[in-house]
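Going by the numbering used here, the first residue of the sequence shown is number 198, and it counts up by one from there.
By construction, the Cβ of each residue, glycine as well, lies at the ideal position given by its N, Cα and C atoms.
Because the structure is a prediction, the values reported are computed rather than measured.
The structure appears right after this line, and notes come after that.
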Amino acid sequence: MAQTNPCAPQVNVYFLKNEKLLIDAGPNNYPCYLKLKQNLENIGIDLKQISVVVTHHHPDHVGLLKYFPKEITVYASPEIRYYGTSAYLNAIDEQIRQLQILGIPAHAIDQVKSQLQQRFLPFLETINFEDLNRLPVSSIRIHRLCGHSPADIVFQKDNCFFGGDLILKGIYFNILLDINPVNQKLCLLNQEYKQSIKKILTTFKVQTWYPGHGDPMNFSSLIKINKKYQKLSQLIHQRIVQSFSSSDYDLAMREIYSYFPHLNDYFYLSDILTVLK
Ligand SMILES: [Zn+2]
Numbered sequence: 198m199a200q201t202n203p204c205a206p207q208v209n210v211y212f213l214k215n216e217k218l219l220i221d222a223g224p225n226n227y228p229c230y231l232k233l234k235q236n237l238e239n240i241g242i243d244l245k246q247i248s249v250v251v252t253h254h255h256p257d258h259v260g261l262l263k264y265f266p267k268e269i270t271v272y273a274s275p276e277i278r279y280y281g282t283s284a285y286l287n288a289i290d291e292q293i294r295q296l297q298i299l300g301i302p303a304h305a306i307d308q309v310k311s312q313l314q315q316r317f318l319p320f321l322e323t324i325n326f327e328d329l330n331r332l333p334v335s336s337i338r339i340h341r342l343c344g345h346s347p348a349d350i351v352f353q354k355d356n357c358f359f360g361g362d363l364i365l366k367g368i369y370f371n372i373l374l375d376i377n378p379v380n381q382k383l384c385l386l387n388q389e390y391k392q393s394i395k396k397i398l399t400t401f402k403v404q405t406w407y408p409g410h411g412d413p414m415n416f417s418s419l420i421k422i423n424k425k426y427q428k429l430s431q432l433i434h435q436r437i438v439q440s441f442s443s444s445d446y447d448l449a450m451r452e453i454y455s456y457f458p459h460l461n462d463y464f465y466l467s468d469i470l471t472v473l474k
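The following block contains the structure:
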């Protein structure tokens with residue numbers, strides 16, 4: 198049922214044969230597009246016959262859509278188009294100004310800015326999008342969650358779940374900073390991430406979890422990953438909170454950055470900003 202795209206960068210796309218449904222498209226890479234087309238032809242499917250759904254708007258999952266024939270319907274949340282508009286670029290500039298006012302060090306701000314700019318995808322305007330609610334495939338259930346991005350979609354077929362980047366093995370801070378298309382502000386998704394994971398672990402009957410990167414996982418792997426995440430997250434939050442016992446704000450910021458040698462990694466910025474809020 199599942200087919201993995203072996204092209205670099207390594208991103209999983211899945212094709213449900215009976216439904217003729219492709220879950221995620223892959224990165225903006227023409228050789229990957231040709232490979233996908235060939236893989237489908239090998240099982241007797243013409244690319245023009247399929248429908249596509251996407252788990253979230255990040256370029257490693259939607260970039261390949263750029264090469265798809267225009268008549269292919271891509272079912273997604275309507276907000277996805279936002280990431281191809283100048284409004285998105287303007288929102289990045291405005292949010293970067295806000296981070297500067299907060300006193301976030303320049304090197305961290307630069308990382309956030311470049312990540313957000315990389316997710317600007319002008320070709321989205323040319324894609325034949327249809328509202329996800331109109332997906333004409335009754336065997337697939339749609340779960341709207343968030344945490345890795347402001348709008349993560351988990352697709353369920355029987356007890357198999359296709360979760361994009363919501364839960365990834367070996368990455369415990371995969372909550373990315375994003376611009377929320379509704380209020381056009383930076384969204385800090387730590388709380389939402391925790392809620393989504395809780396919902397998945399307590400209400401979904403997961404037999405197999407098919408992630409956007411890496412191998413499929415069973416339920417007990419998901420539990421293990423979550424435990425590691427909780428531990429690390431708690432540690433970082435404790436240390437951030439301790440740092441804020443300092444009354445001098447600039448000193449506190451310097452202290453935070455000396456606690457964590459890799460804090461210039463924008464993943465952590467989400468945690469810091471949550472504490473600053
Ligand atoms: Zn990804």
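| Check | Outcome |
| --- | --- |
| Option in Leu385, Phe358, Lys234 with minimal Cα separation from leucine 419 | Phe358 |
| Leucine 363 in three-state terms, based on DSSP | coil |
| Beta-carbon proximity list for alanine 348, same chain, < 6 Å, skipping 5 on both sides | Ser274 |
| Glycine 281 versus Ser248, Glu322, Lys267, Lys245, residue with shortest Cα-Cα distance | Glu322 |
| Below-7 Å beta-carbon distance, proline 224 vs any chain D residue | Of the protein chains in the structure, only one exists, and it is not chain D. |
| Spatial distance of proline 333 from isoleucine 269 (CA atoms) | 14 Å |
| Serine 257 beta carbon near ligand 1 (any heavy atom closer than 6 Å) | It should be pointed out that residue 257 corresponds to aspartate in this sequence rather than to serine. Yes, ligand 1 has a heavy atom inside 6 Å of this Cβ. |
| CB contact flag (glutamine 246, lysine 217, <7 Å) | yes |
| Nearest candidate by alpha-carbon position, reference phenylalanine 317, set Asn287, Asn423, Leu342 | Asn287 |
| Histidine 304 burial status per 10 Å Cβ neighbour count (16 or more: buried) | exposed |
| Beta-carbon proximity check, arginine 338 vs glutamine 353, cutoff 7 Å | yes |
| Within 7 Å, strictly: CB atoms of leucine 231 and leucine 237 | no |
| Any non-hydrogen atom of ligand 1 within 6 Å of glycine 409 CB | yes |
| Start and end residues, alpha helix (DSSP H) containing threonine 282 | Careful: threonine 282 lies outside any alpha helix (DSSP H) and carries neither H nor E. |
| Range of the contiguous beta strand (DSSP E) that encloses aspartate 349 | 349-354 |
| Aspartate 412 CB to nearest heavy atom of ligand 1 below 6 Å | no |
| Cβ-heavy atom distance, aspartate 221 to ligand 1, below 6 Å | no |
| Valine 379: first and last residue of the uninterrupted alpha helix (DSSP H) it sits in | No alpha helix (DSSP H) contains valine 379, which DSSP labels as neither H nor E. |
| Identified DSSP bridge partners for leucine 219 | Phe212, Val249 |
| Glutamine 207 versus histidine 410: straight-line alpha-carbon distance, rounded | 7 Å |
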